[in-house]
Each structure stands twice: as structure tokens, then as C-alpha cells.
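Peer 1: Sharing a structure, written as C-alpha cells. Questions coming.
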Amino acid sequence: MTMEGTVQRIEVSADAQHIYEVALDLEAYPDWVNGVKEVEVLEEDEHGRPARASFRADAMIKEINYTLLYSYDMENGFSWTAEAGDDITAMDGSYEFNTLEDGSTEVLYALRVDPAFTVPGFLRRQAEKQIVSSALRGLKKRSEGV
32 MTMEGTVQRI EVSADAQHIY EVALDLEAYP DWVNGVKEVE VLEEDEHGRP
82 ARASFRADAM IKEINYTLLY SYDMENGFSW TAEAGDDITA MDGSYEFNTL
132 EDGSTEVLYA LRVDPAFTVP GFLRRQAEKQ IVSSALRGLK KRSEGV
């Protein structure tokens with residue numbers, strides 16, 4: 032998935048399916064994703080995966096609330112987009128899980144956020160980078176059982 036915003040990758044010593052399952056356990060995010068305070072899955076798809084979920088997060092400047100819609104049209108991952116709300120004008124993101132030759136997995140995380148409140152472009156980009164790198168480190172730690 033190509034988009035403007037922040038894209039980072041990390042190698043995780045776990046198989047792609049396990050990491051996918053960890054990443055889909057949205058309600059556990061407050062345990063391992065920095066800044067996420069609360070997640071509620073509002074709707075699931077026919078396979079029991081999250082289709083729509085609400086989040087409450089500490090965005091450094093203020094606490095924000097947003098709702099994400101999930102899509103599973105990727106062969107090796109999933110993506111999401113935010114419903115427009117009081118705190119977020121637009122947010123798009125995705126996780127890709129690519130199995131490497133040694134059995135580990137490369138996780139690619141892409142994120143673009145447009146807050147509904149004024150944030151200078153440089154700070155917005157820095158916040159995106161911090162969110163992505165923190166989430167990847169948390170996902171690695173959680174998936175490897177460290």
C-alpha cells in the first residue's frame with residue numbers, strides 16, 4: 032500500500048499468522064500500544080474479525096477519540112480508515128506481514144493521520160513516526176512473548 036505519511040518496517044521472530052492475530056486483537060492494544068487508553072470493537076465481519084472499532088488515545092497534545100473501519104482485501108495484512116470525527120479528519124493505515132526465508136516476519140506499518148485540530152506539519156509527521164515506531168516495537172515484543 033502506497034500512501035503519503037509514515038512507513039516503517041521491523042523484523043519479528045514469529046510467524047506471520049501469529050503476528051496477524053496479535054495485531055487483530057484490538058481490545059488488547061491498551062496493554063502494549065503506547066498512548067492507546069481504550070478500544071471497543073463495535074462490529075465484526077462474517078469471519079469474526081473487527082470491522083469497526085472505537086479508540087480513545089493520548090495524542091500528547093490532548094486525548095482523542097476516533098473510530099476505524101477495517102478492510103481485509105490485502106493478501107498478507109489488513110488496512111483501516113477512520114470515520115471523520117471531532118478529533119480526526121482522516122486516518123489511513125495498514126499492516127503487512129511478509130514471511131522471510133529464516134521463518135521470521137517482516138512487518139510493514141503505514142500510517143497517515145490528519146487531525147481535526149491544528150498541528151504544524153513537522154509535529155504531525157513526528158507524531159506519526161513516533162506512533163508507528165512505538166506500535167512496531169510493541170507488536171514485536173508482544174508477538175515474540177518477551
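Residue 122 in my numbering sits at position 91 of the sequence shown; the count goes up by one each step and never skips.
Beta carbons are placed, not taken as given, at the ideal position from N, Cα and C, and that holds for glycine.
Please go through the segment 39-96 and give each complete alpha helix (DSSP H) segment of 4 or more residues, from N-terminal end onward.
Peer 2: The segment 39-96 contains these whole alpha helix (DSSP H) runs: 47-55, 60-63.
Peer 1: Under a three-way DSSP split, which group does E127 fall into?
Peer 2: Your numbering for residue 127 matches position 96 in the sequence shown. Here E127 sits in strand by DSSP.
Peer 1: Which residues in the same chain have their Cβ closer than 7 Å to the Cβ of D89, if we skip the five residues on either side of it in sequence?
Peer 2: One-based indexing of the sequence shown puts residue 89 at position 58. If we look at D89 and ignore the five residues flanking it on each side, its Cβ neighbours are G66, K68.
Peer 1: Identify, in the order they occur along the chain, each residue of the same chain with its Cβ nearer than 7 Å to the Cβ of S174, setting aside the five sequence neighbours on each side.
Peer 2: For the purposes of this step, residue 174 is identified with residue 143 of the sequence shown, where counting begins at 1. Same-chain partners within the cutoff: V43, A45, H49, I50, V53.
Peer 1: Mind the definition here: the segment 79-99 touches the segment 118-136 only if three or more C-beta pairs lie below 8 Å; say whether that holds.
Peer 2: Touching, per the Cβ criterion.
Peer 1: Please name the residue, chosen from S135, L131, G134, L139, that lies closest to G124 on a Cα-to-Cα basis.
Peer 2: Working through the sequence shown from its first residue, we reach residue 124 at position 93. The option with the nearest alpha carbon to G124 is L139.
Peer 1: Please report the distance separating the alpha-carbon of S199 from that of F128.
Peer 2: This structure does not reach residue 199, given that the chain is present from 32 up to 177, and the question cannot be answered.
Peer 1: Specify, as a first and last residue, the run of the beta strand (DSSP E) that S110 falls within.
Peer 2: The residue given as residue 110 occupies position 79 in the sequence shown. Where S110 is concerned, the enclosing beta strand (DSSP E) stretches over 108-113.
Peer 1: Drop a sphere of 10 angstroms on the beta-carbon of F148, count the other beta-carbons inside from all chains shown, and report buried for 16 or more, exposed for fewer.
Peer 2: Position 117 of the sequence shown, counting from 1, holds the residue named residue 148. By the 10 Å Cβ count, F148 comes out exposed.
Peer 1: Can you tell me which residues form a DSSP beta bridge with A121?
Peer 2: In the sequence shown, the residue the question calls residue 121 occupies position 90. Looking at the DSSP assignment, A121 forms a beta bridge with D145.
Peer 1: In the DSSP assignment, find the unbroken alpha helix (DSSP H) run with G5 in it and report its ends.
Peer 2: Lying outside 32 to 177, the shown extent of the chain, residue 5 is not represented and no answer is given.
Peer 1: To the nearest angstrom, report how far apart K172 and A166 are at their CA atoms.
Peer 2: As a first step, residue 172 must be located in the sequence shown, where it is residue number 141. As a first step, residue 166 must be located in the sequence shown, where it is residue number 135. Each residue's Cα considered, the two are about 10 Å apart.
Peer 1: Could you tell me the distance, in whole angstroms, from the CA atom of E137 to the CA atom of I41?
Peer 2: What you label residue 137 is simply residue 106 of the sequence shown in a count that begins at 1. What you label residue 41 is simply residue 10 of the sequence shown in a count that begins at 1. Distance between the alpha carbons of E137 and I41 is about 6 Å.
Peer 1: From the DSSP output, read off the bridge partner residues of S102.
Peer 2: The residue given as residue 102 occupies position 71 in the sequence shown. Paired residue(s): S110.
Peer 1: May I ask you to report which of helix, strand or coil DSSP gives E137?
Peer 2: Numbered from 1 along the sequence shown, position 106 holds the residue referred to as residue 137. Reduced to three states, the DSSP call for E137 is strand.
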